[in-house]
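Novice: For reference, the structure I am asking about is given below.
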């Protein structure tokens, strides 16, 4: 019997979740956005975190202030968001768990050295105090010196959280797909995108696990805040009171599969089929 691929909804199950390290349950960051490889079958390649990931997703003046303030305190010429490869993700539940050894974020390292480290009796961990570019940044799979006559131990995979360059030119932000105006084949406004459905049947990442592919988008007639799952699945609109509230706020909600999307241009989604042919969210 063929196993069914895992299905997640990006905004409901991933965005804004805490990211913790598997080895010691240490909080690393939050999922502020997701990096995607564009194409006919776009798929998620990395978790993005920090102001340079959250700011563009928020948009407007608050988002602009967030990103510009972060750039002001980053020493890179063209800083990018903090980034964790999806191949390191081991579990997605109430939190996102990742494997490997973490390179501390620049802000945490600066606070440890210049603020916490100056408090009498306070001291950072070796991991926090290690200089940037030190042993923690050794390439994955690189050789390590072993004691004379001893065996070499396999180095721990580096959990790289920092991206030193501007966003990759071939990358797409999943957050940029949310809140877009959706138009039908004749140019009529159909609604707004409110979530992206992900199916784990994409390409193999680092020979570890398959990527989550963008399978389609949820479209609401009216965009009035965040959805919490009451409008999709077999238990559609349950509990009844919350379902009625969601219907009043968002209107009718339908699902457009990726091959029903004609284009993603000018911050809009153009459908290739009329609204009436889109699936009900009860099937999701």
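In our numbering, the protein residues as written are 19 to 302.
Note that CB positions come from ideal geometry on N, CA and C, so glycine has one too.
Please go through the same chain and pick out, in chain order, the residues whose beta-carbon is closer than 6 Å to the beta-carbon of residue 88, but skip the five residues on each side of it.
Specialist: The residues are 69, 70.
Novice: Does the Cβ of residue 160 have 16 or more other Cβ atoms within 10 Å, making it buried, or fewer, making it exposed?
Specialist: For residue 160, the pLDDT reaches just 39, beneath the cut-off of 50, and the residue's location in the model is therefore unreliable, although a value from the coordinates is still provided. Exposed, because fewer than 16 other Cβ atoms sit within 10 Å of the Cβ of residue 160.
Novice: To the nearest angstrom, how far is the alpha carbon of residue 219 from that of residue 235?
Specialist: Distance between the alpha carbons of residue 219 and residue 235: 17 Å.
Novice: Please report the distance separating the alpha-carbon of residue 110 from that of residue 51.
Specialist: When rounded, the distance between both Cα atoms is 15 Å.
Novice: When you compare the CB positions of residue 217 and residue 37, do they come within less than 8 Å of one another, or not?
Specialist: Cβ atoms of residue 217 and residue 37: not closer than 8 Å.
Novice: From 276, 67, 83, 298, pick the residue whose C-alpha is nearest to that of residue 45; which is it?
Specialist: That would be 67, whose Cα lies nearest to the Cα of residue 45.
Novice: Could you name the residues of the same chain whose beta carbon sits closer than 6 Å to that of residue 65, not counting the 5 residues immediately before and after it, in chain order?
Specialist: Contacts found: 49, 102.
Novice: Give the C-beta separation of residue 54 and residue 222 to the nearest angstrom, bearing in mind that I take them to be a contact with Cβ-Cβ under 8 Å.
Specialist: Contact doesn't hold; Cβ gap of about 16 Å is too wide.
Novice: So the candidates are 298, 238, 207; which of them puts its Cα closest to the Cα of residue 288?
Specialist: Out of 298, 238, 207, 207 has the C-alpha closest to the C-alpha of residue 288.
Novice: If distances are taken between C-alpha atoms only, which option among 203, 78, 42, 39 comes closest to residue 292?
Specialist: Nearest option by C-alpha distance: 203.
Novice: When we look at the beta-carbon of residue 209 and count the other beta-carbons within 10 Å, is it buried (16 or more) or exposed?
Specialist: Label assigned to residue 209: buried.
Novice: In angstroms, rounded to a whole number, what distance separates the CA positions of residue 84 and residue 99?
Specialist: Cα to Cα, residue 84 sits roughly 12 Å from residue 99.
Novice: For residue 150, which three-state DSSP category applies?
Specialist: Legend: pLDDT at residue 150 = 39, less than 50; position of this residue unreliable, no value from coordinates given.
Novice: Mapping DSSP to helix, strand and coil, what is residue 225?
Specialist: Here residue 225 sits in coil by DSSP.
Novice: Nearest by alpha-carbon distance to residue 189: which of 212, 57, 295, 82 is it?
Specialist: The candidate whose alpha carbon is nearest that of residue 189 is 57.
Novice: Buried or exposed for residue 211, please, with buried defined as at least 16 other CB atoms from any protein chain shown within 10 angstroms of its CB.
Specialist: So residue 211 ends up on the buried side.
Novice: Taking the straight line between their C-alpha atoms, what separation do you get for residue 224 and residue 290?
Specialist: Taking the straight line from one Cα to the other gives about 34 Å.
Novice: With C-beta atoms as the reference, is residue 229 less than 8 Å away from residue 104?
Specialist: Cβ distance < 8 Å, so residue 229 and residue 104 count as in contact.
Novice: Measure the alpha-carbon distance for residue 116 versus residue 205 and round it to whole angstroms.
Specialist: One C-alpha to the other measures close to 43 Å.
Novice: Have a look at residue 281 and residue 114 and give me their C-alpha separation to the nearest angstrom.
Specialist: Each residue's Cα considered, the two are about 31 Å apart.
Novice: Starting from residue 42, follow its DSSP beta bridges and name the residues at the other end.
Specialist: Answer is none; residue 42 lacks a bridge partner.
Novice: If you draw a straight line from the C-alpha of residue 23 to the C-alpha of residue 43, how long is it?
Specialist: C-alpha separation (whole angstroms): 27 Å.
Novice: According to the neighbour-count rule (16 or more other Cβ atoms, all chains shown, within 10 Å of its Cβ), is residue 213 buried or exposed?
Specialist: Label assigned to residue 213: buried.
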